[in-house]
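Data block below; observations after.
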Amino acid sequence: MLEIRDLHASAGDRQILKGINLTVNAGEVHAIMGPNGSGKSTLAGVLAGRDGLEVTGGTVTFKGQDLLDLEPEERAREGVFLAFQYPVEIPGVNNAYLLKAGLNEVRKHRGEPELDAMDFMTLIRERMALLQMDDTLLSRPVNEGFSGGEKKRNEIFQMAVLEPTLAILDETDSGLDIDALKTVAGGVNALRSPDRSMVVVTHYQRLLNYIVPDFVHVLSGGRIVKSGGKELALELEAKGYGWIETEPATASV
Amino acid sequence: MTQIATGADSYAAQFAASAQASALPNALASLRDDAFHCFDRLGFPTTRMEDWRFSNVAPIAQTPFVAPERTPTYGQAALDALSLPKLGGPELVFVNGWFMPGLSTTDGLPAGVRARSLAEVLVSDPDTVLPHLGRLARIENHAFTALNTAFLRDGAVIEIGAGIVVDAPIHLVFITTGGGVPVMSQPRALVLADANSQVRVVESHAGEGDTPYLNNTLTEIVVADGAVVDHYAIVREAQAGFRIGGLFARLGRASNFSSHAITLSGAIVRHEAHVVLDGEGAVCTLNGLYLGNGQQLVDNQTTMDHAKPHCDSYELYKGILSGRSRAVFNGKIIVRLDAQKTDAKQSNKALLLSEDAQVTTKPQLEIFADDVKCTHGATVGQLDAESLFYLRSRALSEAQARQLLIHAFAADLLSHIKIDAVRRQLDTLLTERLPVGAGG
Ligand SMILES: Nc1ncnc2c1ncn2[C@@H]1O[C@H](COP(=O)(O)OP(=O)(O)OP(=O)(O)O)[C@@H](O)[C@H]1O
Ligand SMILES: [Mg+2]
């Protein structure tokens, strides 16, 4: 599904990703953890095609094609979805309108007919129930005035509507209370399937109790310095990142 | 058409000819005389004048415009081709400043409301208009006001009797068409809204052809005590067309006046709105939405003159500029000594879609009362990169994303437009006219 090889990326004159290797197979859930500023969001941004990030080396292959060659919207239509760490507020752009336009672009790309208003609303209601979303959020401008938790819920709701094949969730858990966390995790789990992969960026093991990953990676200083199973997350929670960063094998610059 | 010498001479000659051709009431003839002398003395403004510093009207000064006579051949097909909004109510059509009865209708006006041609009123009923013409639009210091007044022959007169509510908006359509000759049109509109009446007046300005023309319009509106007047000026001049427009309004006690200045096209478009809040508790809203592209110059000038206490004013102007277009916004707020408890808000926001587009904005506050609230702000920005990325990451094309964001920028102004046909058409025009490619 996703094959990242020796990926280097910079922002401005700053080298942030310094050789990432990661393979995500269909149906797998990978968690990425790591200290603040280690490059997790940068990696997510490079995969989604964020402007201002320059790939200075390496390759990313998605479903057999060069992902880096595609515009952000082409990636989205191919099935890449990024749940933003900081979803932007867009006054004047209606949430439902955006979703309908986005979904129809995706469907067009897949060779499916566009949904009419009725079918769209049926789908929306079903997915809103999944996330226990408040109806009113739908008719409001994108994220405008949403609470932190509502923004994160909205991200997962959009994912549920767009049905991506690769979902990258960037700290979707931060800012959620435990009930909201359970709901959001429930929504994510409902979308797990053998042909959908997920990359879940988080600081907290807690989320991984609900979204149980197949693999856990530690990103530090722009590299994946350790990979393991779900136990690794527990170990990180207990010991912090210090013990990994000081390991000589991965400390070279 | 006769060949006219360039420069002031041609205007003098044309003024003399026009004065001879029209049998006007004495009071008006002398107002026109005074106006021409003012114009002659002032000449066209230059960028050395403070109010015109960023608005170079040399292309207007240098074109030998001709004041046309009636154009009776202008027909319905030509009018339809302009696809102006259909408001479904009374509609007065003017071509090169002259009323066109065959293209107009006053069906559906309630009793106590009249919508007539100024030329006709000047013959049949001059006392209705003479006390008002030129009272708000002063000729002394403004060359274009003087020019319009000097050539004043026809226009629209709308009278709404006390307490009458007019449902259907009254549409005034001003078309300039020279058929290859650079014509100047000087239409005039006078709206007299008597106490507690309510009316909506929509001015559509449009033009034809590739030849430069000047549409120099003046609208005077008297909003009596308790009256509610909503006014719209929608400017869709031809690419080569120049439009200078003055809107003058005087607001009585507890009246409510709003005006929406919408500039969609034209080579040079200047819109001035000067409002005197002249009765306690009056409320005035001046909104503006302007698009600029190519080499266009779009200039908005407002004066909000708070003359009496307890008046509120709101101003929101938004511009969307691409290409090498330039925009000017000068918003003057005057709060006179008497005008305690004034609440005046002003905001100008511009969205620049290209590197070469430019906006100059200058708020001007002249406050003589001490217990007042005045806020003003101006912002100039580009489309938000993070929002663009967000929308594209949700599968929208870059063009779609840009269009949505541009639309969103204008959304609050559009939502204030209460006439559905106008709002819907603007919605469509915004989508059609806006450059969505990254280059603008
Ligand atoms: N556009 C940019 N220009 C310059 N530096 C940047 C830019 N974007 C990110 N950085 C820097 O790159 C580093 C990695 O940032 P990134 O957002 O990827 O970290 P992160 O691992 O997601 O951190 P967090 O856990 O706090 O979200 C940080 O030091 C950040 O300040
Ligand atoms: Mg981050």
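These protein sequence lines map, in sequence, to chains F and V. The opening residue of the first sequence carries number 1 in this note's numbering; numbering runs sequentially from there. The opening residue of the second sequence carries number 1 in this note's numbering; numbering runs sequentially from there. Virtual Cβ for every residue (Gly too), placed ideally from N, Cα, C.
| Item | Value |
| --- | --- |
| What residue range is occupied by the uninterrupted beta strand (DSSP E) comprising His-8 (chain F)? | 2-11 |
| Report yes if the CB atom of Ala-44 (chain F) is closer than 8 Å to the CB atom of Ile-168 (chain F), and no otherwise. | yes |
| Mind checking whether the beta-carbon of Lys-151 (chain F) lies closer than 7 Å to any heavy atom of ligand 2? | no |
| What does Pro-72 (chain F) reach in chain V if we use C-beta pairs closer than 8 Å? | Phe-389, Arg-392, Ser-393 |
| Cα-Cα, which of F:Ala-11, F:Ile-32, F:Ile-4 is closest to Tyr-241 (chain F)? | F:Ile-32 |
| What three-state label does DSSP hand Thr-428 (chain V) in the structure shown? | helix |
| Would you call the stretch 16-27 of chain F and the stretch 215-224 of chain F touching, i.e. three or more CB-CB distances under 8 Å? | yes |
| Within a Cβ cutoff of 7 Å, which residues of the same chain sit near Gln-425 (chain V), ignoring the five residues on either side of it in sequence? | Pro-85 |
| Hey, how far is the Cα of Glu-237 (chain V) from the Cα of Gly-178 (chain V)? | 13 Å |
| Of all the alpha helix (DSSP H) runs that stay within the bounds of the stretch 40-110 of chain V, which reach a length of 4 or more residues? | 58-61, 76-81 |
| What is the DSSP secondary structure of Glu-235 (chain F), counted as helix, strand or coil? | helix |
| Give a yes or no on whether the C-beta atoms belonging to Arg-250 (chain V) and Leu-136 (chain V) are separated by under 8 Å. | yes |
| Between Val-188 (chain F) and Leu-138 (chain F), what straight-line distance do the alpha-carbon atoms span, to the nearest angstrom? | 19 Å |
| Using 8 Å as the threshold, is the C-beta distance between Gln-198 (chain V) and Ala-224 (chain V) below it? | no |
| Output yes or no for whether 8 Å exceeds the beta carbon distance between Pro-213 (chain F) and Phe-81 (chain F). | no |
| At the level of alpha carbons, what is the spacing between Gly-439 (chain V) and Arg-48 (chain V)? | The pLDDT assigned to Gly-439 (chain V) is 39, lower than 50, so where the model puts this residue is not dependable; a value taken from the coordinates is nonetheless given after this. Taking the straight line joining both Cα atoms gives about 33 Å. |
| Would you call the CB atoms of Ala-193 (chain V) and Glu-203 (chain V) closer than 8 Å? | no |
| Report all residues for which the CB-ligand distance to some heavy atom of ligand 4 is below 7 Å; order them along the chain. | Although ligand 4 was asked about, the structure shown includes only ligand 1 and ligand 2 as ligands. |
| Nearest CA to the CA of Phe-15 (chain V): which residue from V:Phe-368, V:Glu-69, V:Asp-427, V:Leu-383? | V:Glu-69 |
| Taking 6 Å as the limit between beta carbons, can you name the residues of its chain near Phe-248 (chain V), skipping five residues before and five after? | Leu-136, Ala-137, Glu-220, His-274 |
| Would Ala-282 (chain V) pass as a contact of Gly-252 (chain V) if the rule is Cβ separation under 8 Å? | yes |
| Check this for me: beta carbons of Leu-337 (chain V) and Arg-433 (chain V), under 8 Å apart or not? | no |
| Hey, could you find the ends of the alpha helix (DSSP H) Pro-72 (chain F) is sitting in? | 72-78 |
| Below 7 Å CB to CB, which residues in the same chain sit around Leu-204 (chain F) once its five sequence neighbours on both sides are set aside? | Checking the sequence shown, residue 204 (chain F) turns out to be Tyr, not Leu. Around Tyr-204 (chain F): Asp-173. |
| When the cut-off is 8 Å and only beta carbons count, does Gln-382 (chain V) lie next to chain F? | no |
| Here's the rule: buried if 16 or more other CB atoms are within 10 angstroms of the residue's CB, otherwise exposed. What is Ala-13 (chain V)? | exposed |
| Based on the DSSP output, what are the partners of Asn-330 (chain V) in its beta bridges? | V:Gln-301, V:Lys-362 |
| Inspect the beta-carbon positions of Gln-35 (chain V) and Thr-149 (chain V) and report whether they are closer than 8 Å. | Contrary to the premise, residue 35 (chain V) reads as Ala rather than Gln in this sequence. Cβ distance < 8 Å, so Ala-35 (chain V) and Thr-149 (chain V) count as in contact. |
| I'd like to know whether the C-beta of Leu-396 (chain V) is nearer than 8 Å to at least one C-beta of chain F. | yes |
| Which value, in whole angstroms, describes the spacing of the CA atoms of Asp-170 (chain F) and Leu-289 (chain V)? | 39 Å |
| Using a cut-off of 8 Å between C-beta atoms, extract the partners of His-477 (chain V) located in chain F. | Given that chain V is displayed from residue 1 to residue 440, the structure contains no residue 477 (chain V) and the question cannot be resolved. |
| In whole angstroms, give me the CA-to-CA distance for Leu-133 (chain V) and Phe-94 (chain V). | 19 Å |
| Using a Cβ-Cβ cut-off of 8 Å, state whether Asp-400 (chain V) counts as contacting chain F. | Here the sequence assigns Gln to residue 400 (chain V), which means Asp is not the residue at that position. Interface residue, yes. |
| Can you pull the chain V residues whose beta carbon is under 7 Å from the beta carbon of Val-212 (chain F), in chain order? | The premise fails here: Val-212 (chain F) is roughly 26 Å from chain V at the closest Cβ pair, so nothing lies under 7 Å. |
| Using a Cβ-Cβ cutoff of less than 7 Å, which residues in the same chain neighbour Ala-401 (chain V) once the five nearest sequence positions on both sides are dropped? | Leu-388, Leu-391, Arg-392 |
| Could you check whether the Cβ of Glu-432 (chain V) sits closer than 8 Å to any Cβ belonging to chain F? | no |
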